[in-house]
Amino acid sequence: MFGFKVLRYFFPKAASVIRAIYAHQTTAVHNTQEPLVHSNAMNIMELVSYHNIFNAVDKKTQRIAVVSPMPPAQTGIADYTLISFVNNNIETHFYGDYPNIDTMLEHKKALSQDNPSQFFAVDTYVNAAKMVDYSLEVFVLGNSDHNLKMAVSLLTTKKSSAPRALYLHDLCLFNLLFLVCIELNLSYVQVLRDAYAHKDPELLNDKNVFDIHHLMDNGIYALKPFVDRGLVDEMWVNSSAARQLAETDLGSVTPIVIKETFLPVPTIKLERSENLDEDYIRIGSFGLPNAGKDTPKIIKAVQKLVNKGIKIKLIIAGYLAEDFFKNTYTTVPDFIEIHDSPDEEELFRLMGSIDLALQLRKKSLGESSGVVPQLLTLKKNVIVTRIGSFVDYGEAVRMVEDSLTADELASVINDELLHIGGRTADIDNYLNTHGVKDFINFVNGCIPHGIEK
């Protein structure tokens, strides 16, 4: 103990690192209104992270912390976080749940030498935040299992003087909240009831509390539990539809600044071109195929055009695509190409090969669409449902109503094919105002004026 006091006197930052490493291995969960602290064992990735954090402590510069799923996690959030934040001139520290140390270090090696970004293990953030003076903290969350450690970090890291933003790609967080409650030994039912105590108690009675659709119909999306502890200063969302859902869930009892931003359009380099039969028109639908994304209606509409003698290939590419057809159809029509769970390079190649895309939804939960900006980057005409975040694409896309029949959709597809290239100016306008630089300007604008770290 005497030796530690001497170290702390002469080398306070080094003492902080040693204390953080000790705390990392000895802290335990407690159920109070203070930030929860989650125990974990140290591993080599965390040791390397602490070493690099220590080297960053004394630097006199602005820095941003981004706590998010990171590639190679199989979620679009991971890819978009890297695309969106990594080229900031302000040094950005990415705290992710990397599968191993090699992956974490490869992210840094892939950058140019003048890029100041750093990559650390997410489990170190609870202590790193005590040592590094950040100008802005950004926690990026969606609803899938990939987001668990980020959500735990949000709820276990004590709030510093830096503004903290919760950047949501999904506005319905029941799955994530359930996982967090298991991880932190909390009662999922009690957490929900406490967060929405101002609402009619019958909404969360024993019968209804696990009926997610009933809760959503009554304006509960499981957002409040993530902001009620006072650990978030502002919320970022990707569309006006997402903002409306957030305002509905939080209500007036949880005052928080909600800012609208967008998914920046990525830069896509197609490594190789597809060898195509030019006699066929290629129409694509990308992402997890299911009834909620109107995949059956898309197939019926294209079938009607094929029956009229139009030579079309319908490309269905996405996660579990083969399972969808096995479970839904006895035989797959000849005009359909199935591409099951393509990697990013293959997905972009398929997107580049099509003449027209259909990205439909029957219901909006405020979730973002990574596919549409990717298609627009490739200058593809896209038909979308007039719902949720799709509305914000404006004239850059063709919008249809959810009530559209398969016959009506077939007519829209035919009309759009006859006018390929007719949206070029609107697509260019969207691309010119929704690039990575535009997003970074938004991020940096959220740093309070005058902060110099």
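Start counting the sequence shown at 1497; every next residue gets the next number (this note's numbering). For glycine and all other residues, C-beta sits at the position ideal for the given N, C-alpha and C.
Distances from the CA of V1618 to each of S1631, N1611, N1596 were compared; the closest alpha carbon is that of N1596. Distance from the CA of G1866 to the CA of L1675, rounded to the nearest whole angstrom, comes to 24 Å. Where V1618 is concerned, there is no enclosing beta strand (DSSP E), because DSSP gives it neither an H nor an E. Short of 7 Å from the beta carbon of L1846, and not among the five residues preceding or following it, lie these beta carbons of its own chain, in chain order: G1780, I1811, A1813, H1835, P1838. The residue among Q1855, N1548, V1908, T1929 with its C-alpha nearest the C-alpha of G1884 is Q1855. With respect to the C-alpha of E1840, the residue from F1670, Y1815, C1942, D1790 having the closest C-alpha is Y1815. For Q1740, the three-state secondary structure derived from DSSP is helix. Remark: C-beta atoms of V1562 and F1590 approach each other more closely than 8 Å.
With respect to V1939, N1585 sits apart: the two C-beta atoms are not nearer than 8 Å.
Along the length of the stretch 1557–1591, whole alpha helix (DSSP H) runs at least 4 residues long occupy 1572–1581, reported in chain order. Bridge pairing for R1778: K1809 [DSSP].
A residue is called buried once 16 or more other Cβ atoms fall within 10 Å of its Cβ, and K1793 is buried on that count.
When DSSP reads this structure, Q1855 sits in a beta bridge with V1880. The beta carbon of F1935 lies closer than 6 Å to those of S1580, P1760 in the same chain, with the five residues before and after it left out. Unbroken alpha helix (DSSP H) runs of no fewer than 4 residues, entirely contained in the stretch 1689–1772, are found at 1708–1713, 1720–1723, 1736–1746, following chain order. Under the three-state reduction of DSSP, H1915 is assigned to coil, being neither helix nor strand. For the pair G1592 and K1800, the Cα-to-Cα distance works out to about 47 Å. Taking 8 Å as the cut-off, the beta carbon of E1912 is found closer than this to the beta carbon of L1852.
In the DSSP assignment, Y1663 forms a beta bridge with V1636, W1732. Per the Cβ contact rule, the stretch 1922–1937 is not in contact with the stretch 1743–1754 (fewer than 3 Cβ pairs under 8 Å). Under the criterion of beta carbons closer than 8 Å, V1648 and L1680 qualify as touching, at roughly 7 Å. Of the candidates C1942, N1623, K1555, Q1609, N1623 places its Cα closest to the Cα of Y1546. In the DSSP annotation of this structure, the continuous segment of the alpha helix (DSSP H) that includes I1597 starts and ends at 1597–1605. Taking each of E1904, V1749, V1753 in turn and checking the Cα distance to D1729, the smallest one comes out for V1753. At least 8 Å separates the beta-carbon of L1784 from that of Y1717. Under DSSP, the beta-bridge partners assigned to H1835 are A1813.
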